[in-house]
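Numbering (the numbering used here), first residue to last: 2 to 238.
Idealized CB from N, CA, C, for every residue including glycine.
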Amino acid sequence: MSVPMLQHADVWRGIDRLAAKHGLSASGLARRAGLDPTAFNPSKRITREGRPRWPSTESLSKILTVTGEPFVDFVLLTGAGNGEANGNGHGGAAAYDQAVSGGRVVARGQSRTIPVITLDRLAAGDCFDASGMPMGPDWGHLEFTGAGRDYFGVEITGTDFDPIYRDGDTLIAARGAEIRRGDRIIIGTSAGTVLVRKVVRHDADGYYLEAVRQPGQPQFVPQDQVRFTARIQWVSQ
């Protein structure tokens, strides 16, 4: 087999699919290979200046060793050279297009490139427009299967949400999704804050929310102060 020229998106696609093939998230694969759990996180794939960051050959060697996969099979997982388009998630290798939730393969289908940002960058500035669309230079990109056009990702940084969400987990959320009692959501307010919360109640007046980790007295956010809501659909751990 001749090895096609691998592009930046191809290599990261291959890592995501290799992890999914073995019932892992990218973070779980890194842990199994003895790497930093955040080594393959979406925020590590693009520099803050917007330049592509490549995984090291040592990292690739370690994940192939622990999974027992030959390099030629990894190349097949990347989708390179078989008509699969880079960056937009459409094309071949559909058998490997699998969504991951909590380290488990949960779905098949076409993948899509969605915007993703770390929680600390999200807190540092206004990263959404008035309708809740991601904007600004701090967003990276993540290929994720099953995602729609209104999806985005938030990578958890720090320990504020332990043990529900841990440092390095990526929350995949859908703007405009129906919100129900008990849902965990990302909500943007007219004051410019973006919160990760659990819904206690939602009615025409607004949202009654509680902390994800330590539920307590619900916080009320009036409907006229809500810029957008996005229901958390998956967590890649």
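Assuming residue i contacts residue j under a Cβ cut-off of 8 Å, what Cβ separation, rounded to an integer in Å, is found between them?
i      : j      : result
Pro56  : Phe41  : 7 Å
Gly137 : Gly154 : Wrong, their Cβ atoms sit about 15 Å apart, outside the cutoff.
Asp11  : Gly80  : 7 Å
Val213 : Tyr166 : 7 Å
Trp13  : Arg46  : 6 Å
Val200 : Ile180 : 6 Å
Thr158 : Leu120 : 5 Å
Ser44  : Glu156 : 5 Å
Gln220 : Ser191 : 15 Å between Cβ atoms; not a contact.
What are the partner residues of residue i, as DSSP defines its beta bridges?
i      : result
Gln220 : Leu210
Gln135 : Rather than Gln, the amino acid found at residue 135 in this sequence is Pro. Phe129, per the DSSP bridge assignment.
Leu172 : Val155, Val236
Val117 : Gly141, Gly154
Pro56  : Paired residues: none, contrary to the question.
Ile188 : Leu196, Thr230
Ile165 : Its beta-bridge partners do not exist; DSSP assigns none.
Ile64  : DSSP, once it has assigned bridges, lists no residue as partnering Ile64.
Short of 7 Å in beta carbon distance, which residues of its chain neighbour residue i, apart from the five on each side in sequence? Order them along the chain.
i      : result
Asp206 : Pro223, Gln224
Asp175 : Asp is not the amino acid found at residue 175; the sequence shown has Ala there. If we look at Ala175 and ignore the five residues flanking it on each side, its Cβ neighbours are Gly149, Asp151, Tyr152, Ala231, Arg232, Gln234.
Gly51  : Pro138
Gly189 : Phe129, Gly133, Val195, Arg228, Phe229
Glu70  : Leu19
Thr58  : none
How is the alpha helix (DSSP H) around residue i delimited, first residue to last?
i      : result
Trp235 : No alpha helix (DSSP H) holds Trp235; the beta strand (DSSP E) holding it covers 227-237.
Gly29  : 27-33
Gly15  : 9-22
Arg78  : Residue 78 is actually Leu in this sequence, not Arg. It spans 72-79 - the alpha helix (DSSP H) in which Leu78 sits, taken as one unbroken run.
At what residues does the beta strand (DSSP E) containing residue i begin and finish?
i      : result
Arg181 : Segment: none, Arg181 is in no beta strand (DSSP E) and carries neither H nor E.
Thr146 : 141-146
Asp204 : 195-204
Report all residues from its chain with a CB closer than 6 Å to the CB of residue i; omit the five preceding and five following residues, and keep chain order.
i      : result
Arg33  : Val67
Leu30  : Ala20, Ile64
Ser3   : Since pLDDT at Ser3 reaches only 49, below the 50 mark, its modelled position is unreliable, and no value is offered.
Gly15  : Phe75, Leu78, Thr79
Tyr208 : Val222
Phe162 : Val213, Arg214
Ile187 : Ala174, Val197, Ala231
His142 : Thr114
Gly243 : The structure shown does not extend to residue 243, since the chain spans only 2 to 238, so no value can be given for it.
Ala178 : Arg232
Starting from the C-beta of residue i, find all residues in its chain whose C-beta is less than 8 Å away, skip the five residues before and the five after it, and write them out in chain order.
i      : result
Cys128 : Ile118, Arg122, Pro135, Met136, Gly137, Asp139, Trp140, Val195
Ala131 : Arg228
Arg182 : Val200, Val201, Arg202, His203
Checking contacts by CB at 8 Å: is residue i closer than that to chain C?
i      : result
Gly183 : No chain C appears in this structure, which consists of one protein chain only.
Any heavy atom of the ligand FAD inside 7 Å of the beta-carbon of residue i?
i      : result
Gly154 : This structure does not include the ligand FAD; it has no bound ligands of any sort.
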